[in-house]
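Those protein sequences? They're chains A and B, same order as listed.
Residue 0 is where the first sequence starts when you use numbering that gives the first Met the number 0, and the numbers rise one by one after that.
Residue 0 is where the second sequence starts when you use numbering that gives the first Met the number 0, and the numbers rise one by one after that.
Here is the structure we will look at, set down as structure tokens.
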Amino acid sequence: MLNIENLHVTVAGREVLKGINLSIEAGKVHAIMGPNGSGKSTLSYVLAGREGYDITGGKVAFMGQDLLQMAPEDRASAGLFLAFQYPVEIPGVSTTTFLKTAINALRKKRGEKELEPVQFLKLQKEKLTQLGMDPEMLKRGVNVGFSGGEKKRNEVLQMAMLEPKLAILDETDSGLDIDALKTVAEGVNNLRSPTRSFLIITHYQRLLNYIKPDVVHVLARGKIQKTGGPELALLLEEQGYAGFYGDGEAA
Amino acid sequence: MSPTANFMQKEQTVAAALPWLADAALLEKQKSPPWLRALRETGAEQFAQTGLPTTAREGWQHTNLRPLTSIKFHYSTEAVKFDARKLPQKLLEQSDCIVLVNGQYQPHLSTIPDGITVMSLMEAAEKKVEGLEEYIVSLGDLQEAPLKALNTAYVRDGIVLKVQAGKEIRRPLEILLYNTGNSSHAPAIYPRILYCLGDNSTLTLLERHTGEGVYLANSYTGVVQESSSCLKMYKFEEESCAAYHFSFFSLQQHKDSIFEGFSCATGGQVVREEYQNQLIDSGISSSLNGVYLLQGRQSHDFAVLMDHFGPDGKSAQHFRGVIDDQARAIFQGKIHVRRSAQKTDGHQSGRALLLSDQAEADFKPELEIYADDVKCGHDAASGHLDEAALFYLQSRGISKAEARALLIQSFLNAALEHVTFAPVKKVYEERIRLWLAR
Chain A
0 MLNIENLHVT VAGREVLKGI NLSIEAGKVH AIMGPNGSGK STLSYVLAGR EGYDITGGKV
60 AFMGQDLLQM APEDRASAGL FLAFQYPVEI PGVSTTTFLK TAINALRKKR GEKELEPVQF
120 LKLQKEKLTQ LGMDPEMLKR GVNVGFSGGE KKRNEVLQMA MLEPKLAILD ETDSGLDIDA
180 LKTVAEGVNN LRSPTRSFLI ITHYQRLLNY IKPDVVHVLA RGKIQKTGGP ELALLLEEQG
240 YAGFYGDGEA A
Chain B
0 MSPTANFMQK EQTVAAALPW LADAALLEKQ KSPPWLRALR ETGAEQFAQT GLPTTAREGW
60 QHTNLRPLTS IKFHYSTEAV KFDARKLPQK LLEQSDCIVL VNGQYQPHLS TIPDGITVMS
120 LMEAAEKKVE GLEEYIVSLG DLQEAPLKAL NTAYVRDGIV LKVQAGKEIR RPLEILLYNT
180 GNSSHAPAIY PRILYCLGDN STLTLLERHT GEGVYLANSY TGVVQESSSC LKMYKFEEES
240 CAAYHFSFFS LQQHKDSIFE GFSCATGGQV VREEYQNQLI DSGISSSLNG VYLLQGRQSH
300 DFAVLMDHFG PDGKSAQHFR GVIDDQARAI FQGKIHVRRS AQKTDGHQSG RALLLSDQAE
360 ADFKPELEIY ADDVKCGHDA ASGHLDEAAL FYLQSRGISK AEARALLIQS FLNAALEHVT
420 FAPVKKVYEE RIRLWLAR
């Protein structure tokens, strides 16, 4: 589904990703763990197509397409979804309008008919209930006045509505209390299917107690330093990242 | 300044003003009551003292009228010739409509609802309509408003509209001010419009200013709202892209009356809309909001004064500008709270969204407060589209163009949400959509 080969990325003249290799098959959940500044968020933004990153080498294939050549909206319609670490506030655009515009834009690009208002509202209500969200939130501006937990739930709501093939969750657990964490994890687990993959980016092992990964990678100093099974996450929780800085350097 | 220099400068001003006043002599041949002749003379004298305002003049720093001086505008007292089939359609299906072409009232193209009387200004003057002279003469300080003085020097065209006391006019009334000119004959148009709303009456007006070719539209609108009347006035400034539009709007509001105004400005080359709302008695609500959508080298100036005389008044100004290319938006909003206007609640807000590096916004909010128990606030800001928000929308599959449109619409909505008459709000939204898709 996703194939990253020797990806090098520079931000403002500084090389942040120094040759990432990563391959995710359909239906698999991969986790990337790493300390602050290891390049985790850069990787998620580069995959989603944000501007301001110089790709100095390597390639990324998504569903057989050259991902790095695609506009962000085309990546979304191809089935890529990024749950933002810091969801953006958009005053004046209600969450409902936002969701409806997004879902119909995707459908249109895929050659499907736009959803009837009734169909849309039904779908929205169903997903909202699953995530235990207050319908009042939908009337407010996107993420405006939302608590940290509400913002993250809103990301999962969008993911549930847009039904991506690959969902990247960038530090979705940060700023969540244990109840919110469980709800968010449950939202993700409900979406797991043999045709949908996840890339979960996190600093802590905590979220992985609720979303069981198939593969765990350790990202440090712009490179994947180690790859293993779920047990690798537990090891990190115990020993910290000190042993994974590569090149023998300390943090 | 020495007396000689002062004299020299005055001579220069008179010389610069003369071409603008040359055609006023045509009016001397027209049959008019003496008070109207006297008024024209006062207007001409006042304008001769100032000439066209330059950018050195207070309040005119950002609106440059120099381009006007290279065009020879003609004023004519003859009936305007036009093709009625070329007039634009009404904005709403369910509405009445009054048509003015180059400022001249066209009764045969107009439909007037019950409860309203409309006549041309000269007809009203001839028939000695009660209070007309008083309304028209009470102009305020002409020296402070050179273009109002110029309009006064030519006062003849336009209409007087009266709503009977106690009448609730359900059907919206459209006023179409259509202007036509071309570069070989660019008309100067000086309509004078008077709206009088009797006690407890209500009216919804759509004032549409539009046209084709080169012309100068310099209008003066006087409005008197008697006690507990309610006026909703929705303006569409859609003048031809080669036109110059200057409008002066003077509103006198009496006890417990409500005014809701909105202007959506997309047209004209150099435009200034000046509003002076006087909240004369107690319990008055006055709200004036607007959006401008500018491109090319357009320049548009909203100059608004909310003048609180009576207590317990409420005023609001919400303006939003979307400025592209080398266009320029100016907002000068002022709340003036007199000593007698205790418990005033006044708010104004002006924001500009700059879509290009050469677009410009000059927003100047101003408060002048003499009462001690008031609540007044203002804010002004300008900025560019939020790149993070744009990317967020794109990452959800929304195209860049659609994402931009969504963000711009939501930005404008902060002004548009104050339009309480839904059918007009829809028309405004459609105007914005068309502008964004241009």
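All residues carry an ideal CB built from backbone N, CA and C; glycine is no exception.
When burial is assigned at 16 or more other CB atoms within 10 Å of the CB, is residue i buried or exposed?
{"i": "V117/A", "result": "exposed"}
{"i": "Q142/B", "result": "exposed"}
{"i": "G239/A", "result": "exposed"}
{"i": "N5/A", "result": "exposed"}
{"i": "A434/B", "result": "According to the sequence shown, residue 434/B is Trp rather than Ala. Classification of W434/B: buried, given that the 10 Å Cβ count is 16 or more."}
{"i": "Q268/B", "result": "buried"}
{"i": "L17/B", "result": "exposed"}
{"i": "A242/B", "result": "buried"}
{"i": "D169/A", "result": "buried"}
{"i": "E248/A", "result": "Residue placement at E248/A is poorly supported in this model, since its pLDDT is 42, which falls under 50; the coordinates still yield a value, given next. Flag for E248/A reads exposed."}
{"i": "N35/A", "result": "exposed"}
{"i": "K333/B", "result": "buried"}
{"i": "R152/A", "result": "buried"}
{"i": "V98/B", "result": "buried"}
{"i": "H73/B", "result": "exposed"}
{"i": "Y369/B", "result": "exposed"}
{"i": "G345/B", "result": "buried"}
{"i": "S348/B", "result": "buried"}
{"i": "A152/B", "result": "buried"}
{"i": "E10/B", "result": "exposed"}
{"i": "W59/B", "result": "buried"}
{"i": "T68/B", "result": "exposed"}
Flag this pair as yes or no: are the beta carbons of residue i and residue j separated by less than 9 Å?
{"i": "Q331/B", "j": "C240/B", "result": "no"}
{"i": "E72/A", "j": "Q408/B", "result": "no"}
{"i": "W19/B", "j": "A187/B", "result": "yes"}
{"i": "F247/B", "j": "Y219/B", "result": "yes"}
{"i": "S262/B", "j": "L287/B", "result": "yes"}
{"i": "V426/B", "j": "T203/B", "result": "no"}
{"i": "Q157/A", "j": "L198/A", "result": "no"}
{"i": "L149/B", "j": "F46/B", "result": "yes"}
{"i": "G197/B", "j": "S228/B", "result": "yes"}
{"i": "V87/A", "j": "V15/A", "result": "no"}
{"i": "Q316/B", "j": "I283/B", "result": "no"}
{"i": "L114/A", "j": "L81/A", "result": "no"}
{"i": "E304/B", "j": "L352/B", "result": "Glu is not the amino acid found at residue 304/B; the sequence shown has Leu there. No, the Cβ-Cβ distance between L304/B and L352/B is not below 9 Å."}
{"i": "H61/B", "j": "R327/B", "result": "yes"}
{"i": "A404/B", "j": "A436/B", "result": "yes"}
{"i": "I251/A", "j": "I31/A", "result": "Because chain A here runs from 0 to 250, residue 251/A falls outside it and cannot be looked at."}
{"i": "T179/B", "j": "V270/B", "result": "no"}
{"i": "I102/A", "j": "L406/B", "result": "no"}
Please look up how many angstroms separate the CB atoms of residue i and residue j, rounded, as I've assumed it's under 8 Å.
{"i": "S94/B", "j": "R191/B", "result": "S94/B to R191/B, Cβ: 23 Å. No contact."}
{"i": "E448/B", "j": "L91/B", "result": "No answer is possible for residue 448/B: it lies beyond the span of chain B, which begins at 0 and ends at 437."}
{"i": "V162/B", "j": "S200/B", "result": "4 Å"}
{"i": "F245/B", "j": "Q277/B", "result": "The pair is not a contact, with the Cβ atoms about 20 Å apart (cut-off 8 Å)."}
{"i": "G396/B", "j": "K108/A", "result": "7 Å"}
{"i": "I19/A", "j": "I223/A", "result": "6 Å"}
{"i": "K17/A", "j": "H29/A", "result": "About 19 Å; that fails the 8 Å criterion."}
{"i": "T49/B", "j": "T12/B", "result": "6 Å"}
{"i": "V223/B", "j": "A414/B", "result": "Contact flag wrong, Cβ pair sits at about 26 Å."}
{"i": "T254/B", "j": "S281/B", "result": "Before going further, note that residue 254/B is Lys rather than Thr in the sequence given. K254/B to S281/B, Cβ: 6 Å. Contact."}
{"i": "L218/A", "j": "T182/A", "result": "Not a contact, Cβ separation roughly 27 Å."}
{"i": "L120/B", "j": "D82/B", "result": "The Cβ separation is near 25 Å, so there is no contact."}
{"i": "E167/B", "j": "H208/B", "result": "That belief does not hold up - the Cβ atoms of E167/B and H208/B are roughly 27 Å apart, past 8 Å."}
{"i": "L165/A", "j": "M0/A", "result": "6 Å"}
Interfacial residues, the region 383-401 of chain B to chain A, with Cβ spacing under 8 Å = D385, E386, A387, A388, F390, Y391, L392, Q393, S394, R395, G396, I397, S398, K399 and E401
ask   = Residues in the region 58-80 of chain A with C-beta within 9 Å of chain B's C-beta atoms, listed in sequence order?
value = Hits within the stretch, in order: A70, P71, E72, D73, R74, A75, S76, L79 and F80.
query = Can you list, in chain order, the residues of the region 273-295 of chain B whose Cβ is nearer than 9 Å to any Cβ on chain A?
reply = Taking 9 Å as the Cβ-Cβ cut-off against chain A, none of the residues of the region 273-295 of chain B qualify.
query = What residues in the region 408-437 of chain B have a beta carbon less than 7 Å from any beta carbon of chain A?
reply = Here the close residues are S409, F410, N412 and A413.
Ordered list of alpha helix (DSSP H) runs contained in the region 131-182 of chain A, each at least 4 residues = 147-161
Entirely enclosed beta strand (DSSP E) segments - the region 271-306 of chain B, minimum 3 residues = Listed in chain order, the complete beta strand (DSSP E) runs (minimum 3 residues) inside the region 271-306 of chain B are 284-293.
Contained alpha helix (DSSP H) runs [length at least 4] in the region 21-72 of chain B, N- to C-terminal order = Taking only runs of at least 4 residues, the alpha helix (DSSP H) segments lying wholly in the region 21-72 of chain B are 33-49 and 65-68.
key: alpha helix (DSSP H) runs contained entirely in the region 171-237 of chain A, provided each spans 4 or more residues   = You should have 177-190.
task = With 7 Å as the C-beta to C-beta threshold (strictly closer), list the residues of the region 334-367 of chain B near chain A in chain order.
result = none
Sequence ranges, beta strand (DSSP E) only - wholly within the region 78-117 of chain B, length at least 3 = Listed in chain order, they are 95-100.
request  = Please list the residues of the region 228-241 of chain B that have a C-beta atom closer than 7 Å to any C-beta atom in chain A, keeping them in chain order.
outcome  = none
query = Mind pulling the alpha helix (DSSP H) runs of 4 or more residues that sit fully within the region 208-248 of chain B?
reply = Complete alpha helix (DSSP H) runs here, min 4: none at all.
inquiry  = As an exercise, report each continuous beta strand (DSSP E) stretch of at least 3 residues that is fully enclosed by the region 41-77 of chain A, in chain order.
reply    = Correct list: 53-61.
ask   = For the region 157-172 of chain A, which residues have a CB atom closer than 9 Å to at least one CB atom of chain B, in sequence order?
value = Q157 and L161
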